[in-house]
Amino acid sequence: MQLLAYMYRHPNGAPFLAALPRPSSADRCCIALRVRRSRRVLAKTGSINRVNTLSGTSRKADGRVITFSIQANAHDVPSRQMLAQIDSGVVQLAR
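Residues in the sequence shown are numbered from 75 upward in steps of one, following my numbering.
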């Protein structure tokens, strides 16, 4: 989170932020499929056995930027259910 917040504010941070996936109706990347309802999210997904993550930034409607990192480690629910919970939280942050 510190790196994301730092690069967001850094004068030369644009290339770093441009590399983060963006939700787009034409895009088929993980983030586009997961938080398509919110076009203000720039985030990177990550998954491995029973671990799911989503880290990035979200611009709220009032212009404020929130940096977030959600990590679910060794969870006992199906990954699809965990992803839905993570995505729901990120969509709420963007509101």
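Note that beta-carbon positions come from the ideal geometry of N, C-alpha and C, so glycine has one too.
- G130 is classed as buried because its beta carbon has at least 16 other beta carbons within 10 Å across all chains shown.
- Look at L77 here: in three-state DSSP terms it is helix.
- According to the DSSP assignment, V165 belongs to no beta strand (DSSP E) but to the alpha helix (DSSP H) extending over S153 to A168.
- Under a 10 Å Cβ-count criterion, N147 is classified as exposed, with fewer than 16 other Cβ atoms of the shown protein chains found around its own Cβ.
- Separation of G137 and Y82 (C-alpha to C-alpha, rounded to the nearest whole angstrom) is 14 angstroms.
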